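Visitor: For reference, each letter of the sequence shown is one residue, going 7 to 305 in my numbering.
Yeah, the Cβ is synthetic: ideal placement off N, Cα and C, and Gly gets one too.
All of these numbers come straight from a predicted model, not from anything done at the bench.
Before we start, here is the structure in question, set down as structure tokens.
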Amino acid sequence: MHNFLLLLSVLIFSLQVKANRYDDIIHQMLLIKKHSPSFVNIVSIGKNDQDQNILALKIEFPIQKNKVDQLVVAAHHGNESLSVPVSLEFAGQVLQIFKNTEHPFHSSFKNKRFHIIPALNISGINNNRREEYDIEGISHDPNRDYPDACNKTKKNFKLKSTSLLTRYIYNNNIVSAATVHGYIGTLTFPWGMFTKNTHTHDHQTYLNISQFAVKANSYQIGTHADQIYPAEGSFEDYMYLEFGIWTVLLEIDHNPNISKDAHSLIRYFYASPNTRSKQHQHTANCKSIRKNYTPMSRP
């Protein structure tokens, strides 16, 4: 059944034209819950600007208490639709670990609770569009909608989806998080802002975690600013800066191996600390945005 769900999700999100992809995502979420009802709940983090419920899978080992909460968010950008099957495959792999007491990660994972949001940007997914519309019909890039340490004057949380996600993270005491984007083939971490020193105080820890994670897919690792390009207002920088949440951005390849990419997230959460960072402040100097900078992609 697990392999069938993986093939189904890849087939659906390989299609170029789809009337309502989010309905398909909900259907797959319901299938996951149907086959593992004692492990899975489906919850809403709230309604977006189009009055649609943003749904999340909440997966946990039922008899375990005092869990460490972890988060996966796919489809900040609706045109990066293959991020969705990666998140759903990740859910399937977590369930396999929960159900297999002989799995080498079982003892660690049964102490974790996973919150998986397969599509944050619902209108973007349905229309194969990077941006998301606010309540007034103005489009915004969701992964530029968060506060930024190097731009104190920008307007933030113009979209309900990003503010709802932030509130959900706060209420659920998330310790580690991963976002899924496409399509370069990297696993990156803070800092990604326009800063003169791109290394956080946790740089070596991030390197160690990332090196362990990409043994699954051989992706390049490093800070987002160094490996791809700097950007302001990203989820990864803000959640680390504001809360000390360990954050990474999985930028899947243009022709991804969904199973291997999901497994890299499994390895990431296995290696991540069980408590938030206590040295997540940004102490370096900021630098001016380079007006003529041409990125290789747009995570």
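Assign Glu142 to one of two classes, buried (16 or more other C-beta atoms within 10 Å of its C-beta) or exposed (fewer than that).
Guide: exposed
Visitor: Quick one: using the 10 Å Cβ neighbour count with 16 as the cut-off for buried, is Gln285 buried or exposed?
Guide: exposed
Visitor: Can Asn127 and Ser167 be called in contact, C-beta distance under 8 Å?
Guide: yes
Visitor: If you measure between the beta carbons of Ile65 and Phe45, is that distance less than 8 Å?
Guide: Taking the C-beta atoms as reference points, Phe45 is found nearer than 8 Å to Ile65.
Visitor: Does DSSP classify Leu170 as helix, strand or coil?
Guide: helix
Visitor: Would a C-beta distance cut-off of 8 Å place Ile38 and Ala81 closer than the cut-off?
Guide: no
Visitor: Indicate whether Ser93 and Val186 have their beta-carbon atoms separated by less than 8 Å.
Guide: yes
Visitor: Among Gln217, Val254, His83 and Tyr176, which one has its Cα closest to the Cα of Asp309?
Guide: This structure leaves residue 309 out entirely; the chain is present only between 7 and 305.
Visitor: Give me the residue from Ala184, Thr107, Thr159 and Leu256 with the minimum Cα distance to Ser224.
Guide: Leu256
Visitor: Considering only residues of the same chain and omitting the five flanking positions on each side of Lys73, which have a CB-CB separation below 7 Å?
Guide: Its chain contains Glu66, Asn117, Lys118 and Arg119 as the residues whose beta carbon lies nearer than 7 Å to that of Lys73, once the 5 sequence neighbours on both sides are disregarded; these appear in chain order.
Visitor: For a quick check, are the C-beta atoms of Ile258 and Ser42 less than 8 Å apart?
Guide: no
Visitor: Just the Cα atoms here: how many angstroms apart are Gln58 and Gly52?
Guide: 8 Å
Visitor: Excluding the five sequence neighbours on either side, which residues of its own chain have a C-beta within less than 6 Å of the C-beta of Lys293, listed in chain order?
Guide: Phe200 and Lys202
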